[in-house]
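Here the structure is laid out as structure tokens; the discussion comes afterwards.
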Amino acid sequence: RGLTVAKANKRNQLLKDLDTTFAGIDSNNQLLEGLDEFSKQAHAMITSPRSREAFDISKESKEFASPFGTTNFGMSCLLATRLVESGVKFCTISFGGWDTHRDNFTTLKTRQLPQLDEGLSALFNGLEQKGLLESTVVYVTGEFGRTPKINTRTAEGGRDHYPRCMFMVMGGGGVKGGHVIGESDDKATGPLHEGYSPDDVAASFYHALGIDHEKEYHTATGRPITIVRDGTVISDLFA
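Quick note on numbering: this note's numbering labels position 162 of the sequence shown as 174, and the sequence is numbered without any gaps.
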């Protein structure tokens, strides 16, 4: 199952064959040359002995691996700890199934939340055990919130997409743990006070990584582009 080194090498050889076929057409194209270089770097990375070692979660002791559980999300969290330990700078873990337009409460109680609790707590504990938590920012979020009103399209009851009220979790990397920042009204229709925007969250995330969120880059025509448009760092997040 999954992508083996043999499959990766076979795909890389196919790419080389195509590159040879279209070499005359692609000559002197800086964009394509750049893409070729990135492809070579990616192939070298995923097939290197160091990467293969990091991806082999069976190398972890049973005592360390057991708290992560056996779900895809838990195994992904375990893998993330190994990748960070090996020097990977940025990892993304996907966890679907939150689009609860129907059967919201049973789905959350029996499937989604137990898996999230198990995997995420093991991720924090695992990073701390390896001495990596203070140098690693963990950021957990979804696309949007869910409607305060329960829909009645089905007997089970669901919650739909809602942009005005949601949450995110940050920890590690200088973030002050054990605090809840911000508050919704009593029906979760929106922030009780001013609230925080996605740009504020992005500015805080970059700040935690040591990246200047106000830095400007310029396009080929000289147009300034900021990393974050209007965000302000949420100072209460940080110790």
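Note that the Cβ used here is the ideal one computed from N, Cα and C, for glycine as well.
Residues in its own chain within less than 7 Å of residue i by CB, not counting five upstream and five downstream?
| i | result |
| --- | --- |
| Leu204 | Glu195, Ser196, Asp197 |
| Phe156 | His173, Tyr174, Pro175, Met178 |
| Gln124 | Gly109, Trp110 |
Return the residue from the list the options that minimises the CA-CA distance to residue i.
| i | options | result |
| --- | --- | --- |
| Ser247 | Lys74, Asn116, Gly86, Gly186 | Gly186 |
| Ser133 | Thr159, Ser88, Leu47 | Ser88 |
| Met180 | Asn163, Glu65, Thr164, Val149 | Val149 |
| Leu221 | Lys19, Phe250, Ser51, Tyr229 | Phe250 |
| His55 | Phe76, Ser106, Ala18, Arg241 | Ala18 |
| Leu47 | Pro61, Leu144, Lys28 | Lys28 |
| Glu226 | Gly234, Thr233, Ala214 | Ala214 |
| Thr93 | Gly184, Ile239, Glu45, Leu26 | Gly184 |
| Ala99 | Glu130, Arg62, Glu72 | Reading off the sequence, residue 99 comes out as Gly, not Ala. Ranking Glu130, Arg62, Glu72 by Cα distance to Gly99 puts Arg62 first. |
Throw me the rounded Cβ distance for the residue i and residue j pair, which I believe falls under 8 Å.
| i | j | result |
| --- | --- | --- |
| Thr293 | Gly170 | Absent from the structure is residue 293, since the part of the chain shown begins at 13 and ends at 251. |
| Thr231 | Ile237 | 6 Å |
| Leu91 | Phe107 | Wrong, their Cβ atoms sit about 13 Å apart, outside the cutoff. |
| Phe136 | Leu145 | 7 Å |
If you count every other CB in all the chains shown that lies within 10 Å of the CB of residue i, and 16 or more means buried, which is it?
| i | result |
| --- | --- |
| Tyr218 | buried |
| Phe85 | buried |
| Phe80 | buried |
| Leu15 | exposed |
| Val192 | exposed |
| Asn21 | exposed |
| Val245 | buried |
| Ser216 | buried |
Suppose you measure from the CA of residue i to the CA of residue j; what does that come to, to the nearest Å?
| i | j | result |
| --- | --- | --- |
| Val96 | Phe102 | 8 Å |
| Pro210 | Gly154 | 11 Å |
| Pro160 | Lys199 | 6 Å |
| Ala167 | Arg114 | 8 Å |
| Phe252 | Leu139 | Outside the displayed range of the chain (13 to 251) lies residue 252, so it cannot be described from this structure. |
| Gly109 | Asn116 | 11 Å |
| Asn24 | Arg64 | 17 Å |
| Ser78 | Thr122 | 20 Å |
| Thr83 | Phe76 | 16 Å |
| Gln127 | Tyr151 | 17 Å |
| Arg158 | Asp31 | 47 Å |
| Asp242 | Asp212 | 8 Å |
| Thr164 | Leu120 | 17 Å |
| Met57 | Glu206 | 45 Å |
| Gly131 | Gly190 | 18 Å |
Under 8 Å Cβ to Cβ from residue i, same chain only, skipping five residues before and after it: list those, please.
| i | result |
| --- | --- |
| Ile162 | Asn116, Gly169, Gly170, Arg171 |
By Cβ distance, which residues of its chain are closer than 6 Å to residue i, with the 5 residues on each side in sequence left out?
| i | result |
| --- | --- |
| Lys142 | Glu97 |
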